[in-house]
Amino acid sequence: MDIKQRIEQLAEELHQHNYNYYILDEPTISDFEFDSKLKELQELEQQYPEFSTPNSPTQRVGGGITRNFPTVQHQYRMYSLDNSYDFDDLKNWKNRLEKAIDEPITFVAELKYDGASISITYENGKLTQAVTRGDGIQGDEITANVRTISDIPLVLRGDFPQKFHIRGEIYLTKKNFEKLNESRREEGLDLFMNPRNTASGSLKIQDSAEVRRRNLSAVLYQYIAEEFPAKTHWELLAKAKEWGFKVSEDQAKLCRNLDEIKEFINYWDKERHHLPFEIDGIVIKVNSLKHQQLLGYTAKSPRWAMAYKFKAEKVETELLSVDYQVGRTGAITPVANLKPVLLAGTIVKRASLHNEDIIKKLDLHNDDFVYVEKGGEIIPKIVGVNTEKRSLLQQPLSYIKNCPECGTPLIKIPTQAVHFCPNEMHCPPQVIGKMIHFVSRKALNIENLGEETIELLYRHQLVENPADFYTLTKEQLLPLERMAEKSAQNIIDAIQKSKEVPFEKVLFGLGIKHIGETVAKKLVKTFPNIDALRTASFDELIQVEDVGDKIAESLIRFFKNAENLLLVERLKSYGVQMEKQESTTETLSNVLKGKTFLFTGKLSLFTREQAEDMVEKHGGKNISAVSKNLNYLVVGEKAGSKLKKAQAIGTIRILDEQEFLNLISQ
């Protein structure tokens, strides 16, 4: 079997396994086996990029940078739906339809997912374009980002039409929303407000690899084309599932009358709180495609569909007090303590107030009676105040001036809504939070050192910063509560093992504000040891991809602090990795030995990561900025400032993608 055939075989197998996993929910191989096949395909495509295709399973990983999203006109307009909030509206709508058609009408009732609308085009069974709803007439083309969503097939299966569009919703599950916010909390970033806005915003991120990390989901629910391969909407849903789409059929119902529609609505009005994703209503569609065509459209909406919107659940309860929580980065989050009340199937005792601006906007007073809502939110929030129950003696709620944990005066950055405690080295929640972050799985991954154990060690004055972990002895651990000899030894062994963790994970583990996993990796590529990073100038730092002013300033501020410098030196002395290890990348040739490369613009033959990997495998070196040290600048579409700077220097050789491939195949 030649290379091209092997690549095609692996791609076909992986597409089938994706279908089994995401659509049928019946995986036939283990995650390890899947990852092994995917890795083999990635390596083959990197070595032979001429055989890579835009719809390869490897494109799920993302990595392409889109500087702008072109506006594309929809071939078929994306209409909005008329909304209804009571059954009388539905009854009147059904009566109008029956008068217009004068035939029995059946309906399909489906969940109304709370996400971002998308229109995707397939030609010859392959995803060719994805466009946001926009204003319904035109939207933004975001194909590279949509390719990263596992629920959306890149290649179809079975007997599908030659060309069609399929509409659906891209959303974020409650679990993935919580994980995303937890990660942002660790990095000291403002938290996202709700899953729907986060999903919509994620689709416009320029780095498709970051979109992939958001773990978006999708459901497809409307087939659009000149001709239909079925007579009813219900049949089309079944066919779409056969072709490889995740559709709304599994939680939809074929309804013969209004009573069955009501039954479906009432069921999901209660059960929606148990779904792993947010819905805000039910969509009812005429089932017959012939009837849909006869009914047609108004100026804004299809006459054959209606959205029944659930009312956001809201209850009134009493505000008992407000707590102020201190996060790892020093961010202060006010949380309202409420008189317990039943809301959306659960007892609510607390509600997020987010920041001082929200408190002022609500004009909250002590002992107010407040309205609490959970619509579209994971954590309940206060949405209003019943001022009629407020007495003249009640005082406005005053935001705290000092840290509730250490008493340090709080600061508020003018461009942000959040207050911070600046005492990051000695405020207990911040100290403990930094140590918890340091041992976390994505950082140094020190097993057996959980949150409770770290709090215990801190309380017994055995640790005050991450470097102290490396001075611990088994004898110090044994007297602690619930600490057996084996547990103590496991902790000591895990700490020793963490000295092998690579530099980029250590850098992330230091907990420098705004330095996430991805940025840490990109910094280490340019600055291969901690001393090079410590002495880097502002201008040198912002040359690194994804490093802007805020990140550069945060790094400089970190290394100006004497206590941080001492921490770094101690970690280094204990054997923690503070420099990048020599790459173990397989060398294919030395044709690029001694040559430096930089890639810019939108690449079409390979991703940026694939390109940089090819440089290293052929003996070359990737650098992050245009300078006299650069030998080759490889340009894709819409190359900008880097190309102009290289042309101005005059000694840099400028190549297109094919010329680069020719260079490494010499």
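Mapping of the sequence shown onto our numbering: residues 72 to 737, in sequence order.
We put the beta carbon where it would ideally sit given N, CA and C, even for glycine.
Please read all numbers here as calculations on a predicted model, not as lab measurements.
Range covered by the beta strand (DSSP E) that runs through residue i
| i | result |
| --- | --- |
| N408 | I403 to L414 |
| G196 | From DSSP, G196 is part of no beta strand (DSSP E); its letter is neither H nor E. |
| T142 | T142 to Q144 |
| I418 | T417 to S423 |
| A289 | S288 to I295 |
| S558 | It is not in any beta strand (DSSP E) - S558 instead sits in the alpha helix (DSSP H) that spans E556 to K568. |
| Y395 | K385 to V397 |
| E97 | Premise fails: E97 is in no beta strand (DSSP E) and is neither H nor E. |
| A488 | Segment: none, A488 is in no beta strand (DSSP E) and carries neither H nor E. |
| D211 | Q209 to D211 |
| I453 | K452 to V456 |
Cβ-based neighbour list, residue i, same chain, cut-off 6 angstroms, excluding 5 preceding and 5 following
| i | result |
| --- | --- |
| I241 | G186, A187, I189, A270, L287 and A289 |
| K234 | E194 |
| Y379 | S155, I336, G352 and I353 |
| I78 | L115 and F122 |
| V705 | F670, L726 and F731 |
| E708 | G672 and K673 |
| T214 | Q200 and A201 |
| I74 | Y119 |
| Q117 | Q681 and D684 |
Whole-Å CB distance - residue i paired with residue j, under 8 angstroms assumed
| i | j | result |
| --- | --- | --- |
| L360 | H304 | 7 angstroms |
| A407 | V393 | 6 angstroms |
| V443 | I453 | 6 angstroms |
| T129 | L109 | 7 angstroms |
| L291 | G229 | That pair is no contact at about 15 angstroms. |
C-beta contact flag for residue i and residue j at 8 angstroms
| i | j | result |
| --- | --- | --- |
| A402 | V489 | yes |
| I627 | D620 | no |
| M149 | G207 | yes |
| L308 | F299 | no |
| A565 | L636 | no |
| F579 | K513 | yes |
| T199 | L274 | no |
| S279 | T219 | yes |
| V397 | P480 | no |
| E535 | V502 | yes |
| E588 | S675 | no |
| S372 | L112 | no |
Span of the alpha helix (DSSP H), counted from its first residue to its last, around residue i
| i | result |
| --- | --- |
| S675 | Note, S675: premise wrong, no alpha helix (DSSP H); not H, not E. |
| M506 | P499 to V510 |
| A719 | S712 to I720 |
| E349 | Neither: E349 is in no alpha helix (DSSP H) and is coded neither H nor E. |
| H362 | L360 to L366 |
| F609 | F609 to L612 |
| F576 | The sequence shown places Lys at residue 576, not Phe. Where K576 is concerned, the enclosing alpha helix (DSSP H) stretches over F574 to G580. |
| I735 | E728 to I735 |
| A696 | First-last for A696: undefined, no H or E at that position. |
Classification of residue i by the beta-carbon crowding that lies within 10 angstroms, buried from 16 upward
| i | result |
| --- | --- |
| Y119 | exposed |
| T417 | exposed |
| K183 | buried |
| I562 | buried |
| I471 | exposed |
| E640 | exposed |
| S469 | exposed |
| D321 | exposed |
| K317 | buried |
| E104 | exposed |
| L701 | buried |
| G196 | buried |
| E495 | buried |
| H425 | buried |
| F629 | buried |
| R167 | exposed |
Cut-off 8 angstroms between Cβ atoms - residues of its own chain near residue i, not counting five sequence neighbours on either side
| i | result |
| --- | --- |
| I507 | R399, E522 and I525 |
| N600 | F574, M649, E650 and K651 |
| V456 | L433, D434, L435, H436, D439, F440, V441 and Y442 |
| T244 | P266, N286, S288, P347 and F348 |
Own chain partners of residue i with C-beta closer than 7 angstroms, once the 5 adjacent residues on each side are dropped
| i | result |
| --- | --- |
| A180 | A323, K324, C326, I332, F335, I353 and I355 |
| L551 | L527 and H531 |
| F598 | L604 and A607 |
| V662 | H689, G690, I735 and Q737 |
| N252 | L262 and F263 |
| L548 | M554, A559 and I562 |
| L329 | L161, K162 and K165 |
Cβ-heavy atom distance, residue i to the ligand NAP, below 7 angstroms
| i | result |
| --- | --- |
| F574 | Absence of the ligand NAP from the depicted structure is noted, as is the absence of any ligand whatsoever, leaving it without description. |
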